[in-house]
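There are 2 protein chains.
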Amino acid sequence: MEPNLSQTLSLLARTPAALDSFLRDLPETWTLRNEGENTWSPLDVIAHLISGERTDWIPRVRIILQFGENKTFEPFDMQGYIQERQDKTLEQLLEEFARLRSENLSELRAMNLRPEDLQRRGLHPSLGVVTLSQMLSTWAVHDLTHLHQISRVMAHQYRDAVGPWSKYLGVLQCAGHSST
Amino acid sequence: MEPNLSQTLSLLARTPAALDSFLRDLPETWTLRNEGENTWSPLDVIAHLISGERTDWIPRVRIILQFGENKTFEPFDMQGYIQERQDKTLEQLLEEFARLRSENLSELRAMNLRPEDLQRRGLHPSLGVVTLSQMLSTWAVHDLTHLHQISRVMAHQYRDAVGPWSKYLGVLQCAGHSST
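Chains A and B, in that order, are what the protein sequence lines are.
Throughout the first sequence, residue numbering follows the numbering used here, covering 28 to 207 in sequence.
Throughout the second sequence, residue numbering follows the numbering used here, covering 28 to 207 in sequence.
This is the structure we're talking about:
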């Protein structure tokens, strides 16, 4: 397997267990609160990750392999998380995310992508031409963006509680590069 | 137990397992690289967390309970991580962090802190008067600061690999509020 792809898969495979270890059965102060109007709670983020597993990454891999630059990806629905979280507990969402991620990585491994496949190109609705390699790397960094966001959203709940220490705590200085 | 303290302990108890699930056996691209000169890799961060478990949080709790504002805390050694990481693998560090955190939380629970204890005051070498409640809240947000940092450091390794997607990935916009 191409080294970069192997690294990417290693990370993608671990995210669900890491989120489960961190968030399962935590008090709702940490998991259900957000950073204010039109921002996401950790639960919302997990629902968004589920939405991506269903409609974003693997469907786009299939489009690249089948159609190349001749078929633009469906725009990703940033509101898709609302349907995913409906009537679900955080624990149910964590399990759903783990199941979908595992299935998607199995499908990806079964594709046996060669280095030349990773250079195949697709057409993103707003970014234009992208490569499969770039998209798979983005999948991993997208996980990291949301771990970064979850840690920031959780820290926000204790912004006042830490008193004068706030100036030493980097996460409290983060301006929120990904409010959603 | 005072609700805020219970929430704080819930988070503190989960951090070691979350970091273990995420980082154990990951390729070194993710765990040993940093963001450039004088910045920390994920491995360095775990060594820093160990250093805090040994010399920062619980020792300061003891000082507050025993001496109140009459004894200034020892300044925390930001270079302490260098000794902790020496000759250790990431996996050894993750285990050491988990062991120390578990011991420290057991000690904290055994103190049976009452709400009025949480208002007791101590003297921080640069911040001045702080309360025990503020310090315990800071312990939790300090974990979150370093999760935030680890996700940012890891994302940095794929800054070029994601190509045009970089502008959509919040973690890549983070200016690094906690370079160490």
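Backbone N, C-alpha and C fix where the C-beta goes; we use that ideal spot for every residue, glycine too.
> Name the chain B residues whose beta carbon is nearer than 8 Å to that of Leu-38 of chain A?
Replying inline: What Leu-38 of chain A touches in chain B: Leu-53, Trp-57, Met-181.
> Nearest to Asp-52 of chain A by CA position, among A:His-75, A:Leu-117, A:Ala-74, is which residue?
Replying inline: Looking at the Cα atoms, A:Leu-117 is the closest of the given residues.
> Helix, strand or coil for Arg-87 of chain B per DSSP?
Replying inline: Three-state DSSP puts Arg-87 of chain B in a helix.
> Opposite Arg-112 of chain A in the DSSP bridges: which residues?
Replying inline: Residue pairing by DSSP places Arg-112 of chain A opposite no residue, since no beta bridge is assigned to it.
> Under the rule that 16 or more other beta-carbon atoms within 10 Å means buried, what is Leu-59 of chain B, buried or exposed?
Replying inline: Taking all protein chains in view, the Cβ of Leu-59 of chain B is surrounded by fewer than 16 other Cβ atoms within 10 Å, so the residue is classified as exposed.
> Which residue comes first and which comes last in the beta strand (DSSP E) that contains Thr-58 of chain A?
Replying inline: That residue, Thr-58 of chain A, is in no beta strand (DSSP E); its alpha helix (DSSP H) goes 55-58.
> Between which two residues does the alpha helix (DSSP H) carrying Val-180 of chain A extend?
Replying inline: Where Val-180 of chain A is concerned, the enclosing alpha helix (DSSP H) stretches over 159-183.
>> Which residue wins for smallest C-alpha separation from Asn-61 of chain A, given the options A:Asn-139, A:Arg-179, A:Leu-76?
In response: Ranked by Cα distance from Asn-61 of chain A, the first of A:Asn-139, A:Arg-179, A:Leu-76 is A:Arg-179.
>> For Val-72 of chain B, would you say it is in contact with chain A, using Cβ-to-Cβ distances shorter than 8 Å as the test?
In response: Chain A contact via Cβ: absent.
> Count the other CB atoms within 10 Å of the CB of Gly-63 of chain B; is the residue buried (16 or more) or exposed (fewer)?
Replying inline: Counting C-beta atoms within 10 angstroms of its own C-beta, Gly-63 of chain B has fewer than 16 neighbours from the protein chains shown and is therefore classed as exposed.
>> Between Val-72 of chain B and His-169 of chain B, how many whole angstroms is the CB-CB distance? I'm expecting something under 8 Å.
In response: Not quite, the Cβ-Cβ distance comes to about 11 Å (not below 8 Å), so this is no contact.
> Arg-41 of chain B bridges to which residues according to DSSP?
Replying inline: Residue pairing by DSSP places Arg-41 of chain B opposite no residue, since no beta bridge is assigned to it.
> Smallest Cα separation from Glu-55 of chain B: which of A:Leu-120, A:Gln-34, A:Ile-177, A:Ala-44?
Replying inline: When each option's Cα is compared against that of Glu-55 of chain B, the closest is A:Gln-34.
> From this set, B:Leu-132, B:Met-138, B:Val-157, B:Arg-136, which residue's C-alpha is nearest Glu-1 of chain B's C-alpha?
Replying inline: Shown here, chain B extends from 28 to 207; a query on residue 1 of chain B therefore has no answer.
>> So that I know if they touch, is there some Cβ in chain B lying closer than 8 Å to that of Val-157 of chain A?
In response: Cβ-Cβ to chain B under 8 Å: yes for Val-157 of chain A.
>> Between A:Ala-74, A:Leu-46, A:Gly-203, which has its C-alpha nearest Tyr-195 of chain B's C-alpha?
In response: Out of A:Ala-74, A:Leu-46, A:Gly-203, A:Gly-203 has the C-alpha closest to the C-alpha of Tyr-195 of chain B.
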